[in-house]
Amino acid sequence: MLASRTDRLASRLEGRLDAAALLRGDAVSAGYAQDAGGSGIRPSLVLRPKNTEEVSLILAAANEIGQPLVIQGGRTGLSGGARPRAGEVSLSLERLTAIGEIDRAAQTVIAGAGTPLQAVQQAASDVDLSFGVDIGARGTATIGGNIATNAGGIRVLRYGMTRAQVTGLEVVLADGTVLSSLKGLAKDNAGYDLNPLFIGSEGTLGVVTRACLKLHPKPRIERVAFLALPSLAAAQALLQQLRSELAGLLSAFEVIFPAVYAGTVAHCRIAPPVAIGAGLYALVEIHGQAPDQDNARFEAALAAALDDGLASDVVLSSSQREFAALWALRDGVSDYIFSLDNLCGFDIAVPLARMQDFIAGAASAVRFADPEASVFVFGHLGDGNLHYIVRSRQAHAMAEAVYGQIAAIGGSISAEHGIGTEKIKWLGFSRSEAEITTMRRLKATFDPKHILNPGRVFAEAPAEMQVEWAS
Ligand SMILES: Cc1cc2nc3c(=O)[nH]c(=O)nc-3n(C[C@H](O)[C@H](O)[C@H](O)COP(=O)(O)OP(=O)(O)OC[C@H]3O[C@@H](n4cnc5c(N)ncnc54)[C@H](O)[C@@H]3O)c2cc1C
């Protein structure tokens, strides 16, 4: 009997990688079959290289054999990109956790792809700097996963998405070629810049092994306010007002709709900072360098919001403990949402000027498709990014209802979580045929045998682009 592709790959690699790099059979724990969005197929082989050379060795062998791989970081993704499918071998970057010395002059650091986001945040903080990306899954999500998904999170308003924090990448291509561009130069126009292609490519174009990351001065003052607001219109007006009054200070503007606020404080057993019953809730944060002046500006801006009727109540953190407690409430939103069943989650971007139209249009489209459905909304208002969650057993009908509204107002079906395996059939609601064809051409150029995360972002390659896999 012919050995399977997976067996051939394993025997090709045995003896060339250390024992910890190959997990087979019972040694493969159930965790490798899952990401934060659900379970896939438990892979029969997990590869855990310890450096870039080993990643290159693995990819060259897998490419030759035609063995499809699923690339895994912290497996906190919410679109199914890291969730194994039948016949795939897992390539986990979890052992690439080295953090280099921080270059204080350039304010950069080189980190291995498997480094947890929180470890990079801590390393920066230890030398009085900070990293611009923060998400609820910071303890488990990895830098490689953040780059592959172009993660957003709570401070995009101030620092931009992960793309804006990357000054260099080391990537291994499907055939094992190592592309290394880790100089960390602020300016480098020597030919095409290849790095941005890999950021947000969800592991379909190459495997990120190391990244040179931009750091920022650590804020000398961080304060957060929790506000009760009368309506979404008031939140939008307040955002506009704070953007000008707190220019250079505003670092987050998060919103929580009433059902999510009430559910979160009950689920997490938190004393609500402001009374339940408002039209909307917002968490507003500043990062500044001049504590006295910045405090005064923040307090004046919040007082003006109350005077102007844009907010009905405000609680302002006055200690590190209160600051952490208000953010814990925001992080608790995910815990509450994940505790519910029959969830259809939509991570959408909406032009700010059309947000009210979207909320009204989506509510009636959802109700029309399933009168029993309930809707939970929260998100990063400052970036026009809402997490629009519908509780319904009719997932397909809900997606049609929500994405139909998104297409109508020129929004995006994926603001930050990516397409993965779960949103493939909806990609055309956000991208034109010409864009999707160009993406496919890039895929065919970088990974002609489709061994890297096949079936993510778009369905398998069309017949004319497929290269026959060896049996
Ligand atoms: C509680 C919670 C809160 C979250 N909040 C946010 C948020 O605010 N903003 C946000 O953007 N996301 C958020 N997420 C989603 C998730 O944390 C991010 O998508 C994160 O960037 C994924 O990182 P990871 O290491 O877990 O990647 P994984 O889940 O392992 O992988 C994600 C994708 O990246 C690919 N990949 C992973 N590593 C590499 C690599 N080294 N090279 C190439 N491809 C790779 C995978 O194949 C997959 O397609 C949240 C998730 C949870 C559970």
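Number 437 in my numbering belongs to position 133 of the sequence shown; there are no gaps in the numbering.
Just so you know, even glycine gets a beta-carbon here, dropped at the ideal spot from N, CA and C.
| Item | Value |
| --- | --- |
| CB-CB length for L326 against A337, believed under 8 Å | About 17 Å separates the two Cβ atoms, so there is no contact after all. |
| Alpha carbon of A324 to alpha carbon of R352, nearest angstrom | 7 Å |
| Buried/exposed call for R320, threshold 16 Cβ in 10 Å | exposed |
| Three-pair Cβ contact test at 8 Å for the segment 437 to 445 versus the segment 369 to 380 | yes |
| Alpha-carbon spacing of G507 relative to I560, whole angstroms | 32 Å |
| Separation of L498 from D751, as counted between CA atoms | 15 Å |
| Anticipated Cβ contact below 8 Å, G488 with C516, distance rounded | 4 Å |
| Contact check, V437 vs G416, beta carbons under 7 Å | no |
| CA nearest to the CA of E549, picked from P595, K518, A607 and L587 | A607 |
| Q545 - containing alpha helix (DSSP H), residue span | L536 to E549 |
| Near ligand 1: D339 beta-carbon under 6 Å from a heavy atom | yes |
| Beta bridge counterpart(s) of H591 as assigned by DSSP | E526 |
| D339 - partner residues in DSSP beta bridges | G342 |
| Alpha-carbon spacing of F662 relative to D322, whole angstroms | 53 Å |
| beta-carbon T453 near ligand 1 non-hydrogen atom, thresh 6 Å | yes |
| Under the three-state DSSP convention, the category T401 falls into | coil |
| Expected contact under 8 Å - CB spacing of K522 and S434 to nearest Å | 5 Å |
| Close Cβ partners of A539 (< 7 Å) along its chain, the five nearest in sequence each way excluded | L533, V559, L584, A586 and L685 |
| Pairwise C-alpha distance: S485 and H721 | 26 Å |
| Close-in-space but distant-in-sequence residues of the same chain around Q593 (CB under 6 Å, 5 per side omitted) | R524 |
| Member of P500, N493 and H520 whose CA lies at the smallest distance from the CA of Y463 | H520 |
| Beta carbon of S555 nearer than 7 Å to that of R399 | no |
| Inter-residue Cα distance where the pair is V476 and R745 | 19 Å |
| Where F561 sits in the DSSP three-state scheme | coil |
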